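Residue 301 in UniProt numbering sits at position 301 of the sequence shown, with consecutive numbering throughout.
Every residue gets a Cβ at the ideal spot worked out from N, C-alpha and C, and that includes glycine.
Since the structure is predicted, the reported quantities are computational estimates derived from the model, not experimental observations.
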Amino acid sequence: MNLYGIEIDDLLYKHFLEFLSDAEIDSLFRSITTPPPRYYIRVNTLKISPRELVKRLNSRGLAVYRDEYIDDALWVPVEGPFKIPTAKKVVVVDKKAAESVMLGADLYAPAVIKTDRVNIGDEVNIVSDNGRVVALGVAVMDSDEALKARRGLYIKVEKSLYRTPKLRNLPEYAEGLFYSQSLPAILVGHIARRITQTDAVDLNSAPGGKTTHLAQMGIRVIAVDRSAQKIEKLRSEAARLGLDVFIDILLHDSRYLDRDFPKIKAGVALVDPPCTDIGVRPKIYHKVTFEAAKTLARYQIQFLKTALKIAPYVIYSTCTLTYIENEGVIEKAGAEIVDAGIEIGAPGWGCRECRRFLPHVHNTPGFFIAVLRGARKEP
1 MNLYGIEIDD
11 LLYKHFLEFL
21 SDAEIDSLFR
31 SITTPPPRYY
41 IRVNTLKISP
51 RELVKRLNSR
61 GLAVYRDEYI
71 DDALWVPVEG
81 PFKIPTAKKV
91 VVVDKKAAES
101 VMLGADLYAP
111 AVIKTDRVNI
121 GDEVNIVSDN
131 GRVVALGVAV
141 MDSDEALKAR
151 RGLYIKVEKS
161 LYRTPKLRNL
171 PEYAEGLFYS
181 QSLPAILVGH
191 IARRITQTDA
201 VDLNSAPGGK
211 TTHLAQMGIR
221 VIAVDRSAQK
231 IEKLRSEAAR
241 LGLDVFIDIL
251 LHDSRYLDRD
261 FPKIKAGVAL
271 VDPPCTDIGV
281 RPKIYHKVTF
291 EAAKTLARYQ
301 IQFLKTALKI
311 APYVIYSTCT
321 LTYIENEGVI
331 EKAGAEIVDA
341 GIEIGAPGWG
351 CRECRRFLPH
361 VHNTPGFFIA
371 VLRGARKEP
C-alpha cells in the first residue's frame with residue numbers, strides 16, 4: 001500500500017486501524033511527506049540566554065521566535081512549497097541528502113549518486129534517487145572534482161522545495177550557541193532534569209541531541225553508542241557546544257551495559273532506540289512492514305530492560321508512531337508508568353501517562369515519550 005510515497009504492508013495498515021480511522025491514517029502519512037511549519041533549535045544556555053540569541057539572530061534579518069512552552073526552544077518558520085525552475089543539468093542524490101536539500105540545505109559531494117557533467121557556475125536541478133526534484137542550485141565545484149574528492153560543497157542551493165534559513169552557516173552555530181532539535185526531543189531533556197540534577201546514562205546517545213541537552217543543564221552524562229562513526233559525531237558536537245567536560249563517552253552495545261559495566265548507575269536513563277522512523281519529517285519516500293516493526297520492538301525492549309537495571313527512572317522515546325514499538329514495548333517492560341508531566345501533545349494510545357505527538361494533529365514530527373519507574377530504589 002502506497003500512501004503519498006510511503007509504502008506500508010496490509011498488516012501495518014490494519015495495525016494503525018486499531019487506533020486511527022482511514023481518514024486519519026491518510027492525513028498522518030500525507031503530513032510526514034512535508035516538513036512541520038516550524039523548524040526548532042535548542043539554545044545552549046551555558047553560553048547564551050534565549051533572549052540574547054533571538055536578538056542576535058533577528059539582527060541578521062532572521063525571523064526567530066521563542067517557543068510558547070519550552071524556555072530554551074526557538075523556532076523559525078518553514079516556507080513553501082515552492083515551484084522549482086527547470087535546469088538543463090541534473091544531480092541525483094541519496095534520500096537523506098534530498099530530505100535536507102528540500103529544506104534549503106546546500107549539497108555536499110559525498111551524497112551524490114550520479115551527476116551530469118557540471119562546471120563551476122552551472123545551474124543544476126538536485127533530484128532524489130526516486131526522481132523527485134527538490135532544488136535548483138549553482139555548482140561551486142566541477143563534477144569531476146566532486147566525484148574524485150567525494151568531499152566539500154558541490155552545489156549551493158538557490159531555490160528549494162521548502163525554505164529554512166541556513167543556520168549552520170552562521171557564526172552563532174560555529175560558536176556553539178544552538179543545536180538543531182525537534183520540539184518533542186527537547187522535551188525529553190526537561191523531563192530528565194525534573195527527575196535528576198546530577199547524573200544520567202543515555203543508552204542511545206549519538207548524534208548527541210539529548211546527551212548535550214542534559215550536559216548544558218549541568219547533568220553528568222554517560223553517553224553510550226555502539227557505532228564508532230556516530231560516537232565521533234557526538235564528540236564533535238559536544239566539543240562545538242563546549243559541553244565535553246560534562247560527558248563521558250562509551251563505545252559499547254548498551255543492551256549489555258548492566259552485564260559488562262555493572263558499576264554504572266545513574267538517577268535517570270534515556271532510551272531512544274532504533275525504530276521504524278515513521279514520524280521523521282519530511283520524507284521523500286519510506287518503506288515499512290509490520291514484521292520490521294515487530295523485529296525492532298524486540299530490539300527496543302532489550303535496551304529498555306537494561307536501562308531499568310541501572311536507573312530508578314527511565315525515559316523511553318521514539319520518532320515512530322506504531323503502537324507495537326511504543327506502548328507495546330513499555331507494557332512488556334514490567335515497570336510502573338509515571339506521568340510524563342507534559343501539557344502539549346496527546347495521551348498515548350491506551351496509556352494516559354504517555355505522550356504522543358501526531359504530525360497531522362500537532363504539526364510536529366511524530367514522537368512518543370514514556371517515563372518508567374523501576375524497582376531499584378533511588379540513592
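The beta carbons of Asp106 and Gly137 sit closer together than 9 Å. According to DSSP, Ser317 shares a beta bridge with Ile369. Put simply, the region 231–240 does not touch the region 292–310. Fewer than three CB pairs are less than 8 Å apart.
A contact is defined here as three or more CB-CB pairs under 8 Å, and the region 195–207 meets this definition with respect to the region 307–315. Under the DSSP assignment, Arg60 falls outside any alpha helix (DSSP H); it carries neither an H nor an E label.
Of the residues Thr86, Ile8, Val54 and Leu187, the one whose Cα lies closest to the Cα of Glu343 is Leu187. Here the alpha carbon of Phe29 sits roughly 7 Å from the alpha carbon of Tyr4. Per DSSP, Ser143 is one residue of the alpha helix (DSSP H) stretching across Ser143 to Ala149. Of the residues assessed, Ile120 falls on the exposed side of the cut-off, its CB having fewer than 16 other CB atoms within 10 angstroms. Secondary-structure assignment with DSSP links Asn2 through a beta bridge to Glu7.
No Cβ-Cβ contact shorter than 9 Å links Leu53 with Glu232.
Rounded to whole angstroms, the Cβ separation of Phe357 and Gly366 is 6 Å, and the two are in contact under 8 Å. Among the bridge pairs identified by DSSP, Gly137 is matched with Val124 and Val157. In the displayed model, Leu46 falls within coil according to three-state DSSP, outside both helix and strand. The closest CA to that of Trp75, considering only Phe178, Asp94, Ala23 and Ser59, is found on Phe178.
Exclusion of the five residues before and after Ala185 leaves Gly209 as the residues of its chain whose Cβ lies within less than 6 Å of its Cβ. CA-CA distance, Val280 to Gln181, rounds to 12 Å. Residue environment analysis places Ala174 among the exposed positions, since fewer than 16 neighbouring C-beta atoms fall within 10 angstroms of its C-beta. Glu99 and Leu183 have their alpha carbons spaced roughly 19 Å apart.
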